[in-house]
Amino acid sequence: MNYLAHFHIAQHTNTSIVGAFLGDFVKGNHWQSYHDEVQLGIKLHRKIDSFTDQQVNQLGLTHYFQADLRRYSGIALDVYFDYLLSLHWQQFSQSSRSNLISHCYQQLQHFPLPDKAMHTANHMREYDWLEQYQYQDSVAGTLRAISRRLRRPVKLELLYEDILCHSTELEAAFLALYPKVLLHAQEFVGNYPPSK
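Take the sequence shown: its letters are residues 1267 to 1462, numbered as in the numbering used here.
Rendered as structure tokens:
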């Protein structure tokens, strides 16, 4: 799942927006330096990523992508799933998508983020990434932008062609998968902290 999904899951489980964001930036056990609410958000982010990867593998979704770029298919699916969440927002949320997005930008703006996370959050807000996810052609642009940040140049936007070829199957997979993700998130938060 990408940024919008993680923020929606945070709203759905009443957990930290900041923690949901920092899950991509806080590595190892550095989550311990944050207060409890953010710690839970970071752990939830990791749990959702792990669960989603397992489900994607079980569903065989990576096989919809060309073999030479298949190792990057998870990135493409994360981005496309944010578009699909935007498309089907009313099915998964009773609150306004725009209100959540505004709330997320405010939360990130007023939290002392690490440098790399702050840079990303500023770009996200400046270019309004979360609103852009409602447009299907933004998927290709997002993949192109991610390509530029990789150590080795890879044309991730080529994966968008595979998405278009299999959009019906991928949409059906998302609609089946996302309710499971939300339930898994609720169960994780409901059982947190785990008993020792």
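By construction, the Cβ of each residue, glycine as well, lies at the ideal position given by its N, Cα and C atoms. Just so you know, these numbers come straight off a predicted model, no measurement behind them.
Just the C-alpha distance for residue i and residue j, rounded to the nearest angstrom, thanks.
| i | j | result |
| --- | --- | --- |
| G1289 | R1418 | 23 Å |
| S1364 | I1275 | 15 Å |
| E1455 | V1447 | It should be noted that the sequence gives Val, not Glu, for residue 1455. So the two alpha carbons sit approximately 12 Å from each other. |
| Y1393 | S1404 | 12 Å |
| F1287 | C1431 | 31 Å |
| Q1402 | T1434 | 13 Å |
At what residues does the alpha helix (DSSP H) containing residue i begin and finish?
| i | result |
| --- | --- |
| T1318 | 1302-1325 |
| M1390 | 1381-1392 |
| F1220 | This structure cannot settle anything about residue 1220, because the visible part of the chain is limited to 1267 through 1462. |
| E1427 | 1424-1431 |
| R1336 | Where R1336 is concerned, there is no enclosing alpha helix (DSSP H), given that its DSSP letter is neither H nor E. |
| Q1372 | 1363-1375 |
| Y1269 | 1269-1279 |
| T1408 | 1404-1415 |
| W1355 | 1355-1358 |
| Q1226 | In the structure displayed, the chain extends from 1267 to 1462; residue 1226 sits before or after that span and is not available. |
Excluding sequence positions up to five away, which residues of its chain have a Cβ less than 6 Å from the Cβ of residue i?
| i | result |
| --- | --- |
| L1396 | L1270, I1367 |
| M1390 | none |
Looking only at C-alpha atoms, which of the options sits nearest to residue i?
| i | options | result |
| --- | --- | --- |
| D1344 | L1353, F1358, D1319 | D1319 |
| N1280 | P1460, P1459, Q1452 | Q1452 |
| L1306 | S1433, A1439, H1272, Y1330 | H1272 |
| P1459 | K1309, A1342, I1412, D1315 | K1309 |
Excluding the 5 residues preceding and the 5 following residue i in the sequence, name in chain order all residues of the same chain whose CB lies nearer than 7 Å to its CB.
| i | result |
| --- | --- |
| A1439 | L1325, L1327 |
| D1428 | Y1330, F1331, Q1332 |
Check: Should the region 1424-1441 be called in touch with the region 1335-1353, which here means at least 3 C-beta pairs below 8 Å?
Finding: yes
Note to self: Any contact between the region 1323-1330 and the region 1379-1391? By contact I mean 3 or more CB pairs, one from each, below 8 Å.
What the structure shows: no
Notebook entry, point to check: Contact between the region 1394-1409 and the region 1293-1310: three or more CB pairs below 8 Å?
Noted result: no
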